[in-house]
Amino acid sequence: MTKLVIGLVQTRDEAEAAAERIIDCGYTRQDISLLMTDATRHRHFRIPDGSPPAHTFGAAIAMSVVVPDLGFVVAGPLAAVVASAVGAGIMGGLREILISAGVSKHWADRYDTGVRQGGILVSVFAHNERDVGLLHLVLDDHGRFALRPATTGPQAYDTFF
């Protein structure tokens, strides 16, 4: 059974750094998903018409799925989870979609709030149990991999089935 590991970052640079570390763990760019509001996409991932993307996620963002009723954009394998939830009639927004995917209510609330405040979810489905722990470190170890300022208390990630 695959497990979804999620991290919340604030900028395109942080998302690209997280993706590079995930790739260093044996994953590909196609394994990595991003989820953000459409406003965040325009602020951080704007691609001028006719020019090639200048960042890691250029092609993925250009081909991302916009979920207009919910107000966010998803690129990568997580799009299938979102499409499945929307197809099943799950209403209410990102929080409910994450809960339907197995995310605890606590973390779904945090991720929903973080995305609405301009954050970017970076996620990957772990290949195996060993990778789950490694990916947690990659997405949230502030000492070695500074993705965002260190905080006290719980970190914005969890593992989901």
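Residue numbering for the sequence shown follows our numbering, starting at -15 and increasing by one per position.
Cβ coordinates follow ideal geometry from the N, Cα and C atoms, glycine included.
This one's a predicted model, so the numbers in the text were calculated from it and none came from an experiment.
What number of angstroms, rounded off, separates the C-alpha of residue i from the C-alpha of residue j?
{"i": "residue 77", "j": "residue 55", "result": "8 Å"}
{"i": "residue -12", "j": "residue 3", "result": "15 Å"}
{"i": "residue 65", "j": "residue 87", "result": "12 Å"}
{"i": "residue 10", "j": "residue 63", "result": "21 Å"}
{"i": "residue 122", "j": "residue 112", "result": "15 Å"}
{"i": "residue 114", "j": "residue 14", "result": "20 Å"}
{"i": "residue 110", "j": "residue 100", "result": "26 Å"}
{"i": "residue 28", "j": "residue 1", "result": "14 Å"}
{"i": "residue 146", "j": "residue 26", "result": "Nothing in the structure corresponds to residue 146, since the chain is present only between -15 and 145."}
{"i": "residue -5", "j": "residue 24", "result": "9 Å"}
{"i": "residue 119", "j": "residue 5", "result": "9 Å"}
{"i": "residue 74", "j": "residue 117", "result": "30 Å"}
Give the DSSP-derived three-state secondary structure of residue i in the structure shown.
{"i": "residue 21", "result": "strand"}
{"i": "residue 6", "result": "helix"}
{"i": "residue 74", "result": "coil"}
How would you label residue i, buried or exposed, when you count the other beta carbons within 10 angstroms and need 16 or more for buried?
{"i": "residue -2", "result": "buried"}
{"i": "residue 182", "result": "Past the edges of the chain, shown from -15 to 145, lies residue 182, and the structure says nothing about it."}
{"i": "residue 8", "result": "exposed"}
{"i": "residue 92", "result": "buried"}
{"i": "residue -9", "result": "buried"}
{"i": "residue 72", "result": "exposed"}
{"i": "residue 30", "result": "exposed"}
In the DSSP assignment, the beta strand (DSSP E) including residue i goes from what residue to what residue?
{"i": "residue 107", "result": "104 to 110"}
{"i": "residue 57", "result": "56 to 59"}
{"i": "residue 117", "result": "Careful: residue 117 lies outside any beta strand (DSSP E), inside the alpha helix (DSSP H) at 113 to 124."}
Could you please give the first and the last residue of the uninterrupted alpha helix (DSSP H) stretch that includes residue i?
{"i": "residue 70", "result": "62 to 71"}
{"i": "residue 87", "result": "Here residue 87 belongs to no alpha helix (DSSP H), and DSSP marks it neither H nor E."}
Just checking, does the region 96 to 116 make contact with the region 10 to 21 on the three C-beta pairs under 8 Å criterion? Yes: the two stretches touch, three or more of their Cβ pairs being nearer than 8 Å.
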